[in-house]
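Listed in order, the protein sequences are those of chains A and B.
If you're matching positions, the first sequence starts at 1 in my numbering and goes up one per residue.
If you're matching positions, the second sequence starts at 1 in my numbering and goes up one per residue.
Idealized CB from N, CA, C, for every residue including glycine.
This structure is a prediction, so every number in the text was calculated from the model and none was measured.
Single-structure report; data block below.
There are 2 protein chains.
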Amino acid sequence: MLNDEASVIPKDCGQCPIRHRAVCARCEVDELERLDQIKYYRSFQAGQTVIWAGDRMDFVGSVVTGIATLTQTMEDGRTQMVGLLLPSDFVGRPGRATAAYNVVATSDVMMCCFRKKPFEDMMAATPHIAQRLLEMTLDELDAAREWMLVLGRKTAREKIASLLAIIGRRNATLSMQGQTGTMVFDLPLTREAMADYLGLTLETVSRQISALKRDGIIVLEGKRHVTVPDFDRLMEEAGDDSDGGLLT
Amino acid sequence: MLNDEASVIPKDCGQCPIRHRAVCARCEVDELERLDQIKYYRSFQAGQTVIWAGDRMDFVGSVVTGIATLTQTMEDGRTQMVGLLLPSDFVGRPGRATAAYNVVATSDVMMCCFRKKPFEDMMAATPHIAQRLLEMTLDELDAAREWMLVLGRKTAREKIASLLAIIGRRNATLSMQGQTGTMVFDLPLTREAMADYLGLTLETVSRQISALKRDGIIVLEGKRHVTVPDFDRLMEEAGDDSDGGLLT
DNA sequence: ACTGATCCTTGATTCAGATCAAAATGAAAA
DNA sequence: TTTTCATTTTGATCTGAATCAAGGATCAGT
């Protein structure tokens, strides 16, 4: 996958693609300048581990480009994804010394990082940052709770439909498309990663995707490129009210 | 259940049982006085609904005594608990007009409430409140992610053991007991509520509790009073590392 | 003590998804 | 092109938890 966007470093925060969605979204120009001075970029190749659960973590940061996952693992190897990190999402927790989860780059990833201590100082001095972080954390909590319903109560088919709906909806939001009618996007996850997200096995994921294809809910070109002819139909399959309930 | 604590109203914030854990925990005396002026108490009987998902919500607040649940429901009635609200936990979200989840009092509950607008104003003027709310929200997010592993990857027996461990651990924290050896507590939830928490049916919950009893992992007196002779043993059944990983 | 209501337990059977197994696809390397 | 390797699909079988069904325990009200 030829992807050189991960190697392009924004000239300054004003040019940054996540300027208006990340933890810095509410910052004024002068605040941004101060952040600018303490930030640094790190990039990770697809498949690379950003940090292991339990390891000392002396930075926090935002995903600028690419996709990463947060996962939890049991001793016997069972793993559950607990977060999907997209551009603008925040990694790490101010006031905590070690990583709570494994963070793995799913595609090539570039992150905008801050050493923890300077960031914490900056946060104390800059209410705009703390405000935005609170807002983002509350959104993540809502997403996690939505996901608890999916994990606890939905069938395999509904789980797959829910995941497709979430990916599709996010894609539509980013590219300013409507959320009805036809929708086209690429799956950013392998079948195994989808299984880890949904609490299923990869075989079940594959079978349910095939079933949705057979039933005309989705059209597949290759293994990753998805067309949803009728988004409302997909939502029904996901078991959600047509009204949605999620934020856009 | 004779429980008149729910009817006892603290004289002032200084006497409040959740003074040092709630959203007001970091407030100085003068900040507390201002909160004191805009707060009011509401009590709810066991079983009563505090608010329905989707309803207009013009207050936020803290649970002072008792236990409440946050639940999500699908049209066909499947329900998933997404939060267990204990004393000091915060209800509602600043900057949101409607409730995202059903909130139901599981026992008699007393809440310390604030009308949303004055609270938001106070938050903007009082960093200590926003700071504490961020910290509490991050903790809740961690708890939600822990729960995603339980829902997605654990067996029915492990789920029950995990829930017992969480309730037991919290109890030990509140009453300053150790987290090893024998532990005694009451289940604050019906079998059905446990099932909704764990993504199981109430029959499976009942069977697994019976199995843990049969195997000597727990001792039951009546249906709600639990003795855990060996907490480490329970943790093993929960499939968790002995080191725990959760915050105390 | 009886009635009703709620909550809980246990048994029999079914079924959705896991597990075990093999083959197909497709991209990268040689 | 052929080989390799990761990824995905599909089939056969098994199993853990759901579902269906029946009673038991506990408590409040009469």
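Where residue i falls: helix, strand or coil (DSSP)
i: residue 205/B; result: helix
i: residue 111/B; result: strand
i: residue 23/A; result: coil
i: residue 159/A; result: helix
i: residue 101/B; result: coil
i: residue 13/B; result: helix
i: residue 42/B; result: strand
i: residue 214/A; result: helix
i: residue 176/B; result: coil
i: residue 4/B; result: Caution applies to residue 4/B, whose pLDDT of 43 falls short of 50 and renders its modelled position unreliable; the value that the coordinates give is listed next. Residue state, collapsed to three classes: coil.
i: residue 186/A; result: strand
i: residue 36/B; result: helix
i: residue 131/B; result: helix
i: residue 167/B; result: helix
i: residue 152/B; result: helix
i: residue 146/A; result: helix
i: residue 31/B; result: helix
i: residue 200/A; result: coil
i: residue 232/B; result: helix
i: residue 121/A; result: helix
i: residue 240/B; result: coil
i: residue 137/B; result: helix
i: residue 18/B; result: coil
Partners in chain B for residue i, counting only beta-carbon separations shorter than 7 Å
i: residue 52/A; result: Within chain B, no residue comes near residue 52/A; the closest Cβ sits about 13 Å away, beyond 7 Å.
i: residue 144/A; result: 141, 144, 145 and 148
i: residue 93/A; result: 138
i: residue 78/A; result: 153
i: residue 199/A; result: 151, 152 and 153
i: residue 127/A; result: 127
Nearest-angstrom Cβ-Cβ length linking residue i and residue j, presumed shorter than 8 Å
i: residue 251/B; j: residue 149/B; result: Limits of chain B in this structure are 1 at one end and 248 at the other, which puts residue 251/B out of reach.
i: residue 72/B; j: residue 145/A; result: 7 Å
i: residue 57/A; j: residue 70/A; result: Not quite, the Cβ-Cβ distance comes to about 13 Å (not below 8 Å), so this is no contact.
i: residue 129/A; j: residue 23/A; result: 6 Å
i: residue 67/A; j: residue 103/A; result: Rounded, the Cβ-Cβ distance is 11 Å, inconsistent with contact.
i: residue 200/B; j: residue 156/B; result: 6 Å
i: residue 173/A; j: residue 231/A; result: Not really, about 13 Å apart at Cβ, beyond 8 Å.
i: residue 122/A; j: residue 34/A; result: 7 Å
i: residue 158/B; j: residue 239/B; result: 4 Å
i: residue 40/A; j: residue 9/A; result: No, residue 40/A and residue 9/A are not in contact; Cβ-Cβ is about 10 Å, not under 8 Å.
i: residue 233/B; j: residue 209/B; result: The Cβ separation is near 15 Å, so there is no contact.
i: residue 55/B; j: residue 105/B; result: That belief does not hold up - the Cβ atoms of residue 55/B and residue 105/B are roughly 16 Å apart, past 8 Å.
i: residue 64/A; j: residue 18/A; result: 6 Å
Contact set between residue i and chain A, taken where Cβ atoms lie within less than 9 Å
i: residue 194/B; result: Simply none; closest approach about 12 Å.
Pick from the options that is closest to residue i, judged by C-alpha positions
i: residue 61/B; options: 26/B, 141/B and 43/B; result: 43/B
i: residue 235/B; options: 85/B, 161/B and 91/B; result: 161/B
i: residue 36/A; options: 59/A, 46/A and 11/A; result: 11/A
i: residue 38/B; options: 59/B, 206/B and 185/B; result: 59/B
i: residue 222/A; options: 215/A, 203/A and 185/A; result: 185/A
i: residue 152/A; options: 31/B, 173/B, 241/B and 197/B; result: 197/B
i: residue 124/A; options: 85/B, 134/B and 119/B; result: 134/B
i: residue 94/B; options: 176/B, 120/B and 177/B; result: 120/B
i: residue 136/B; options: 32/B, 116/B and 20/B; result: 20/B
i: residue 141/B; options: 87/A, 178/A and 101/A; result: 101/A
Any non-hydrogen atom of the ligand PLP within 8 Å of residue i CB
i: residue 116/A; result: Absence of the ligand PLP from the depicted structure is noted, as is the absence of any ligand whatsoever, leaving it without description.
Cross-chain neighbours of residue i in chain A, by beta carbon under 7 Å
i: residue 75/B; result: 241
i: residue 238/B; result: None at all; the shortest Cβ gap to chain A is about 10 Å.
i: residue 134/B; result: 130, 133, 134 and 137
i: residue 100/B; result: 142
i: residue 63/B; result: By Cβ distance, chain A contributes nothing, its closest Cβ being about 17 Å from residue 63/B, past 7 Å.
i: residue 23/B; result: Within chain A, no residue comes near residue 23/B; the closest Cβ sits about 12 Å away, beyond 7 Å.
i: residue 205/B; result: Those within 7 Å of residue 205/B in chain A number zero; the least Cβ separation is about 13 Å.
Cross-strand partners of residue i (DSSP beta bridge)
i: residue 56/B; result: 98/B
i: residue 90/A; result: 62/A
i: residue 85/A; result: 68/A
i: residue 221/B; result: 225/B
i: residue 80/B; result: 72/B
i: residue 51/A; result: 103/A
Partner residues on chain B for residue i, Cβ-Cβ distance less than 8 Å
i: residue 131/A; result: 130
Contacts of residue i in chain A (Cβ-Cβ under 8 Å)
i: residue 72/B; result: 145, 146, 148 and 149
Closer than 9 Å at the beta carbon, the chain B residues around residue i
i: residue 219/A; result: Within 9 Å Cβ-Cβ: nothing; residue 219/A doesn't reach chain B, min ~27 Å.
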